[in-house]
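Encoded as C-alpha cells, the structure appears first; notes follow it.
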Amino acid sequence: MTGGDTDTGTTGHRIVCRLDAVLADRGMTLAELADRAGVSVVNLSVLKNDRARAVRFSTLTAVCDVLACRPGDLLDIAPRG
Amino acid sequence: MVPAMPTTKPLLGPRAAGAYAVVLALVSAGAALVAAVLLVQGLIRDAADVWVDLSDRVRLDLDDRLDLPEGATLLGNLIPVRLHVPDLPLGLRLLAQSGDVVLFLAIATGALALAQVLRTVRTGRPFARRNPTWLAVVAVAVVAGGILAPVLREAAAVAALEHLGVLSDGSRFTVVTSFSLAPVALAVVILGVAEAFRRGAAMAADVDGLV
Numbered sequence: 001m002t003g004g005d006t007d008t009g010t011t012g013h014r015i016v017c018r019l020d021a022v023l024a025d026r027g028m029t030l031a032e033l034a035d036r037a038g039v040s041v042v043n044l045s046v047l048k049n050d051r052a053r054a055v056r057f058s059t060l061t062a063v064c065d066v067l068a069c070r071p072g073d074l075l076d077i078a079p080r081g
Numbered sequence: 001m002v003p004a005m006p007t008t009k010p011l012l013g014p015r016a017a018g019a020y021a022v023v024l025a026l027v028s029a030g031a032a033l034v035a036a037v038l039l040v041q042g043l044i045r046d047a048a049d050v051w052v053d054l055s056d057r058v059r060l061d062l063d064d065r066l067d068l069p070e071g072a073t074l075l076g077n078l079i080p081v082r083l084h085v086p087d088l089p090l091g092l093r094l095l096a097q098s099g100d101v102v103l104f105l106a107i108a109t110g111a112l113a114l115a116q117v118l119r120t121v122r123t124g125r126p127f128a129r130r131n132p133t134w135l136a137v138v139a140v141a142v143v144a145g146g147i148l149a150p151v152l153r154e155a156a157a158v159a160a161l162e163h164l165g166v167l168s169d170g171s172r173f174t175v176v177t178s179f180s181l182a183p184v185a186l187a188v189v190i191l192g193v194a195e196a197f198r199r200g201a202a203m204a205a206d207v208d209g210l211v
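So the sequences go chain by chain: Y and Z. End of the first sequence sits at 81 in UniProt numbering; the numbers just go up one at a time, nothing left out. End of the second sequence sits at 211 in UniProt numbering; the numbers just go up one at a time, nothing left out.
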C-alpha cells in the first residue's frame with residue numbers, strides 16, 4: 001500500500017515512539033539510557049523524536065532491557081487521518 | 001548491549017579523496033584547454049600534421065641508405081611518422097585535429113566525472129545518487145578516447161594522403177587500422193563499478209533512518 005492509502009504522510013508510516021514518556025516514567029535521561037543500552041544518543045534522539053524509519057531488533061532489545069519494558073510500551077501506531 | 005559495528009580502515013580517506021579530486025579537476029581543466037587550443041589551431045593554420053606509417057619498401061630503402069654495419073638491419077614492417085601536410089581545406093584541417101581533440105575532451109570529461117565521485121567520497125557520501133551516472137560518463141570517456149580518437153586519426157591520415165595524391169600507389173605511405181579491446185574491457189570494468197555504486201545507493205536509501 002502506498003503512503004497516501006494509509007494516511008502515512010511524508011514519512012511513509014504512522015508509528016509513533018513513546019520513549020520520552022517511558023523515560024520520564026523511569027526517571028531516566030536519554031544520555032543515561034544511551035550509556036546503559038550501548039546505543040548512541042544520536043540514534044536514540046532520532047527514535048525519540050519520531051525521525052526513525054526503521055529500528056534494529058538489537059536496538060529495541062537493548063532499550064527494552066534497560067527500561068524493563070516491552071516493545072509495545074515504546075511504539076504505538078497513530079490513528080488514520 | 002548492542003554489538004559495535006565492525007570498522008575497517010578506509011582504502012581512500014577523506015583527505016586523500018579530496019586531494020585526488022582537486023588534481024583530477026586540474027587535469028580536466030588542462031585537458032579542456034589543450035582541446036580548445038588544438039581546435040583553434042585547426043581553424044587558423046593552413047596546414048595539419050597527421051600520423052602515417054612508412055611502407056615496407058621505404059623501410060628497406062632506408063635500411064640501404066643508413067649503410068648499417070654488416071648484419072645490422074631495421075626491423076618492423078611499418079615506421080610511424082608525423083607527416084606535415086600544407087594547404088589543407090578547413091574540413092580536412094579540422095578532421096586532422098579531431099582525433100587529438102576528442103582524446104583531450106575525453107580526458108577532460110572523464111577526469112571531471114571521476115573528480116565528482118571523489119568529492120562525494122571526501123564528504124562521506126560515496127553512494128550519492130548521481131555517482132553511478134558519473135562513473136558511466138567515465139566509461140564513455142574511456143571508449144571515446146581509446147577507440148574513437150584513433151579511428152579519427154586514421155581517417156584524417158587517409159584523407160591527408162588522398163589530398164596529397166600519394167595514397168593510391170601505396171608504395172611510400174600506408175595507414176594501418178588498429179582496434180584495441182583494452183578500452184572496451186576497461187569501460188566494462190568501470191560500468192561494473194558503477195552498477196555496484198547504484199546498488200550501494202539503493203542499500204543506503206534502505207537503511208536511511210535506521211537506528
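We treat Cβ as the ideally placed atom computed from N, Cα and C, and that holds for glycine.
Whole-angstrom distance between residue j and residue i, CA atom to CA atom
| i | j | result |
| --- | --- | --- |
| residue 31 of chain Y | residue 41 of chain Y | 6 Å |
| residue 2 of chain Y | residue 26 of chain Y | Only weak support is given to the placement of residue 2 of chain Y: the predicted model assigns it a pLDDT of 41, under 50, and the question is left unresolved by the model. |
| residue 4 of chain Y | residue 206 of chain Z | With a pLDDT of only 46 at residue 4 of chain Y, under 50, the local geometry of the prediction cannot be trusted, and no value is derived from it. |
| residue 29 of chain Z | residue 116 of chain Z | 14 Å |
| residue 38 of chain Y | residue 25 of chain Z | 43 Å |
| residue 77 of chain Y | residue 204 of chain Z | 26 Å |
| residue 71 of chain Z | residue 96 of chain Z | 39 Å |
| residue 83 of chain Z | residue 201 of chain Z | 50 Å |
CB contact flag (residue i, residue j, <7 Å)
| i | j | result |
| --- | --- | --- |
| residue 137 of chain Z | residue 17 of chain Z | no |
| residue 46 of chain Z | residue 87 of chain Z | yes |
| residue 199 of chain Z | residue 55 of chain Z | no |
| residue 85 of chain Z | residue 160 of chain Z | yes |
| residue 194 of chain Z | residue 135 of chain Z | yes |
| residue 97 of chain Y | residue 19 of chain Y | Only positions 1 to 81 of chain Y appear in the structure, and residue 97 of chain Y is not among them; the question remains open. |
| residue 150 of chain Z | residue 197 of chain Z | no |
| residue 105 of chain Z | residue 35 of chain Z | yes |
Pick from the options that is closest to residue i, judged by C-alpha positions
| i | options | result |
| --- | --- | --- |
| residue 94 of chain Z | Z:22, Z:152 and Z:19 | Z:152 |
| residue 21 of chain Y | Y:54, Y:81 and Y:73 | Y:73 |
| residue 10 of chain Z | Z:77, Z:196 and Z:124 | Z:124 |
| residue 100 of chain Z | Z:71, Z:129 and Z:33 | Z:33 |
| residue 111 of chain Z | Z:141, Z:164, Z:191 and Z:13 | Z:141 |
| residue 49 of chain Y | Y:81, Y:75, Y:79 and Y:80 | Y:75 |
| residue 41 of chain Z | Z:133, Z:91, Z:182 and Z:58 | Z:91 |
| residue 178 of chain Z | Z:37, Z:39 and Z:51 | Z:51 |
| residue 143 of chain Z | Z:130, Z:12 and Z:180 | Z:180 |
| residue 13 of chain Z | Z:64, Z:119, Z:201 and Z:53 | Z:119 |
| residue 43 of chain Z | Z:89, Z:127 and Z:61 | Z:89 |
| residue 16 of chain Y | Y:57, Y:51 and Y:29 | Y:51 |
According to DSSP, residues forming a beta bridge with residue i
| i | result |
| --- | --- |
| residue 174 of chain Z | Z:53 |
Rounded Cβ spacing between residue i and residue j (contact assumed at less than 8 Å)
| i | j | result |
| --- | --- | --- |
| residue 188 of chain Z | residue 154 of chain Z | The Cβ separation is near 24 Å, so there is no contact. |
| residue 79 of chain Z | residue 139 of chain Z | The Cβ separation is near 34 Å, so there is no contact. |
| residue 145 of chain Z | residue 102 of chain Z | 7 Å |
| residue 107 of chain Z | residue 27 of chain Z | 7 Å |
| residue 44 of chain Y | residue 33 of chain Y | 6 Å |
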